[in-house]
Amino acid sequence: MIPQLKQAPGVDSRVVEYLAALKRSGFSGDVATGYADRLTMSTDNSIYQLLPQAIVFPRSTADVVIIARTADADEYKHLRFTPRGGGTGTNGQSLNDGIIVDMSRYMNRILELNLEQGWVRVEAGVIKDQLNQYLKPHGYFFSPELSTSNRATLGGMINTDASGQGSLVYGKTSDHVLGLRSVLLNGELLDTAPMQVALAKSLAAQDTQVGRIYQTVMTRCKTQRQQILDHFPKLNRFLTGYDLRHVYSDDLKTFDLTRILTGSEGSLAFITEARLNITRLPSVRRLVNVKYDSFDSALRNAPLMVEAKALSVETVDSKVFNLAREDIVWESVKNLISDVPGKDMQGLNIIEFAGDDCELIEQRVTYLCERLDALMAQGEAGIIGYQLCSDLADIERIYGMRKKAVGLLGNAKGLAKPIPFAEDTCVPPERLADYIAEFRALLDSYGLAYGMFGHVDAGVLHVRPALDMCDPEQERLMKTLSDRIVTLTAKYGGLLWGEHGKGFRAEYSAEFFGETLYAELRRIKGAFDPLNRLNPGKICTPLESDAPLLKVDAVKRGTYDRQIPLAVRTSFKGAMECNGNGLCFNFDVNSPMCPSMKASGDRVHSPKGRATLVREWLRQLAEAGVDPMVLEQELAQRRLSWRDLLAKTQNAWAKRRGEYDFSHEVKDSMSACLACKACSTQCPIKIDVPAFRARFLQLYHTRYFRPVRDHLVASVELYAPLMAKAPKMFNFFIRQPWMQAVGEKGIGMVNLPLLSTPTLKQQLQGHRASSVTLEQLETMGDEQRSRHVLVVQDPFTSYYDAAVVFDFVRLIEKLGMTPVLLPFHPNGKAQHIKGFLHQFSRTAKRTSEVLNRAARLGIPMVGVDPALVLCYRDEYKQVLGEARGDFQVLLVHEWLANNPHLLPEKAPKPEPWYLFGHCTESTALPVSSRQWQSLFSRVGATLNVVNLGCCGMAGTYGHEADKAESSAAIYDLSWRKALEARSPDRCLTTGYSCRSQVKRFNQAVLKHPLQALLALI
């Protein structure tokens, strides 16, 4: 049995006192001190781990002022604070052991838009893609680009002065910040914008902290002006940190303190609002995807693209490219970046031309293509082919693949994973190819694998050497490499930090800035934050302080992970391999990724959060000397005993008394998961939360009783067939108010579905489909069998939505085939979801035997519900391995796509249908919607795919009383609005859960697409 896991590391009593004082002062946001909350904030997209004391979530600038004013009291002046946005930093910028101030949960409002003057005012927690989604209908966008744009906050972009693709034309974030509203740690507001030097001098004369800041920055930057101009390299990515170079305009007539704050990594003030310059969307965009025989060829050919006046030139090597081939993203781009027959593509340049002058853009594209053709004809430059792309949706798909590159690198096989620590170096573009050649030679000398991509037009290289951070020797090698890369980059006149900020790399700042200018940074830090309380350890410390900076070789996640035995790490690799890329924080409500995170706004309820908690759970088990894999093996032979019941009873009492067990925090996070499995395909690392969730629940319940509800859900496939023998009687009782009250209060279930009447058996009474047996089919010849289709039942459609199965039988007949309804055999999906893994294993074994026997007939087997059919492919393989056999159950659209000739071709009909995708199906089978569209097109119908997230039902999740509110919130995010904008009679969805949810909240009955096809033919 799993032991009671130890008390979480405590929160300092003075922090607790401060948080109480904060609430008394009128703070309206949230406060979190739970171990799960703190663990979730202890990591970002880097290799580091640092546990904070607490997290506060302000709702407004006024809340941030209260945070700062309360902290300014003498009794709290020892407390330290770190602002945090999306947590996408690759160098630990937002990690600290003090109080984290998270701007992303609530401070995400777009406050004002001025199209005449071309600016927008936003709060710091607004996400980059959220802003662009808002601006697009107006014909504008916020142009600084980055790969994490669907979860990175603008506050984070400002604090790291982020940039990426297109920066040669569009510049960095700081080039688009017109003004900031910030809060100093004494509670003073600081509004900054470009101003005449005379006005800045008048502000500097004030006897306030704001005045002292202006005085210090103006004096120091003016005094050191010439050295600043002479010292910093002339690069597009000029600097991240306190930007001494651009505080004054070139003519010294304008002063802008904003430039000091952009890139300051939250070490000077809390940035709460920003006024940003916005850019007109180009009306013409073209991509040229050039393919090379080597990565070096791609790099050395890049200047040609820049000469052609391209907006951007992005380079990807074969390592990243081949990982993309194995990801769901490849389906969307494989026709846009196709292989060259007989050639091995080792490098790719993605060149974009954009603007409003179509003729000019076409001239530039033509010029480039002519040059490429000439080089190919001469066999030069390593060019093996190229493709043009002018469709906007296709262009976005290619960039979607490129953006996913960082995460895809983390999906490399083996214990060593590509990690960030020197992945954004920047050198003059003309020196990039030679620099990378030497960089590669350095990595090759240590025998390291790595992937490379970058912005060759700006001289920025993204490279992540593969190291095992659980190996102390490789951890030390990381520091050695870091030091050598600093020296190498300096040799080529470049920067170590071209676009991702400094974070834990601040230890190299003094070397880069030089003694004199580094001292100026420290004076500026002292003016803003004299006691070194804001994100201490980053960029620099005040001149008067001897506090250390955080180091590259600081405590890392691997320090904790290595405490887990290797066999356990390997077995639970889903949780262990999460690299923190944060794609599960995607803001888009129409993305299927992690609906529980979207509805709650709580990162504990994200795949990254859940992986973090499971890693700590495994570490604590190892610390207690418990091997979860041994426990799992013992459970297979174990029988319930009085001793177990007594122990569980005692544990239940202890839980009610409030005795701490970290397992409860893990359980709370896992219970909120819908098991939709979007994470297993959408996440670049393929973090399959439902897989390790089921294992955790199984072991958790060796110590604690399961709720009755879990047993009922897990056994639905046993009692549903029995209830279907008297459906009217059971439906009568289910409808009764007292029965609904018993269900909600006693069992924890609400809105229980009614059984189908008439039942499937009644609808097929006397029909040949239900009378043919496997034995009869086995006696038939191959040709006779080839006219048959086996219909595989599932408990939900067969017993609660029988019309769908009946209509499928009719559709098969209409298409000239003979349907045969296989006898119902439990699928076990519900058992897996609730963590009854041994029961699920037995169910899967029995059902696999039946389906393998049927498969030997060579007759297609088809099921109608995506979640249940995909369970045969995924969970069955996980639990049975090779013992699963090779049977294949198809979904309806897959069977029809294999046999399109069965569908009659018909004349087009004007009124369209709308497909509301089932999240598990649309993520696991990304081609499914296009296949449905093709099938409808053949019979003369138009099928439009509606872009949606999860419906919020997910099996029985929406029927569980404690999940009802969350389920409704998830439905409201995208489904309700999309459905209310269309006629339900024309809306279709493949999932039983989805149809149940629509029936519950919109009182509408949606058809399965197969039912619409039946009507159409």
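Numbers given in the numbering used here equal positions in the sequence shown, counted from 1, plus 1. Yeah, the Cβ is synthetic: ideal placement off N, Cα and C, and Gly gets one too.
In DSSP terms, what residue i is bridged to
| i | result |
| --- | --- |
| glutamate 274 | Glu124 and Arg182 |
| phenylalanine 917 | Val947 |
| isoleucine 352 | Val289 and Val314 |
| valine 32 | Val57 |
| tryptophan 498 | Asp425 |
| cysteine 541 | Answer is none; cysteine 541 lacks a bridge partner. |
| glutamate 961 | Met750 |
| asparagine 115 | Trp120 |
| histidine 789 | Thr819 |
| glycine 452 | Arg465 |
| lysine 557 | Tyr49 |
Minimum C-alpha distance to residue i - residue among the options
| i | options | result |
| --- | --- | --- |
| proline 728 | Ala417, Glu745, Ser757 and Asp711 | Ser757 |
| glutamine 118 | Leu277, Thr780 and Gly87 | Leu277 |
| leucine 114 | Asp103, Arg857 and Leu132 | Leu132 |
| aspartate 554 | Pro473, Ser546, Ala568 and Gly448 | Pro473 |
| proline 4 | Pro905, Leu838, Ala655 and Leu897 | Ala655 |
| phenylalanine 733 | Met108, Asn591 and Leu753 | Leu753 |
| lysine 7 | Ser150, Gln388, Glu906 and Arg620 | Arg620 |
| threonine 760 | Tyr293, Asn187, Val330 and Tyr801 | Tyr801 |
| valine 170 | Ser105, Asp458 and Phe937 | Asp458 |
| glutamate 895 | Pro927, Asp875 and Glu912 | Pro927 |
| leucine 700 | Tyr915, Leu622, Phe825 and Glu961 | Leu622 |
| glycine 264 | Ile540, Ala434 and Lys137 | Ile540 |
| glycine 90 | Glu424, Gln683 and Arg221 | Glu424 |
| glycine 782 | Val806, Arg1001, Leu858 and Ile1018 | Leu858 |
| glutamate 912 | Lys762, Phe937, Thr224 and Lys137 | Phe937 |
Distance CB(residue i)-CB(residue j) smaller than 7 Å
| i | j | result |
| --- | --- | --- |
| leucine 535 | phenylalanine 841 | no |
| glutamine 50 | isoleucine 100 | no |
| isoleucine 420 | arginine 465 | yes |
| serine 601 | cysteine 585 | no |
| glycine 959 | glutamine 998 | yes |
| asparagine 580 | isoleucine 686 | yes |
| valine 314 | isoleucine 352 | yes |
| isoleucine 362 | valine 285 | yes |
| aspartate 484 | glutamine 475 | no |
| threonine 844 | proline 827 | yes |
| isoleucine 272 | leucine 191 | no |
| valine 714 | alanine 770 | no |
| alanine 21 | glycine 188 | no |
| serine 975 | leucine 949 | yes |
| arginine 152 | asparagine 533 | no |
| cysteine 270 | leucine 337 | The question names cysteine, yet the displayed sequence has alanine at residue 270. Against a cut-off of 7 Å, the Cβ pair of leucine 337 and alanine 270 comes out as no contact. |
| valine 947 | tyrosine 915 | yes |
| leucine 409 | leucine 462 | no |
Buried or exposed (CB count within 10 angstroms, at least 16 for buried), residue i
| i | result |
| --- | --- |
| tryptophan 920 | Reading off the sequence, residue 920 comes out as cysteine, not tryptophan. Cysteine 920 is buried by the Cβ-count criterion. |
| methionine 350 | Here residue 350 is asparagine; the residue named in the question, methionine, does not match the sequence. Answer is buried; the Cβ neighbour count reaches 16. |
| glutamate 521 | buried |
| valine 709 | exposed |
| histidine 712 | exposed |
| alanine 206 | exposed |
| tyrosine 447 | exposed |
| alanine 74 | exposed |
| lysine 609 | buried |
| glutamate 660 | exposed |
| tryptophan 618 | buried |
| arginine 961 | At residue 961 the sequence reads glutamate, which differs from the arginine that was named. The residue is buried, with at least 16 neighbouring Cβ atoms inside 10 Å. |
Cβ shell of residue i (< 6 Å), same chain only, five flanking positions each side left out
| i | result |
| --- | --- |
| serine 333 | Arg398 |
| glycine 575 | Ile688, Asp689, Ala692 and Phe693 |
| cysteine 951 | Pro593, Pro596, Cys677, Cys920 and Ile971 |
| alanine 625 | Pro4 |
Contacts around residue i, its chain only, beta-carbon distance under 7 Å, and the 5 residues preceding and following it disregarded
| i | result |
| --- | --- |
| alanine 467 | Ala413, Ala417, Lys418, Pro419, Leu449, Ala450 and Tyr451 |
Spatial neighbours of residue i in its chain, beta-carbon cut-off 8 Å, leaving aside the 5 residues before and after
| i | result |
| --- | --- |
| valine 218 | Val248, Leu258, Ile261, Ile525 and Ala528 |
| arginine 736 | Leu755 |
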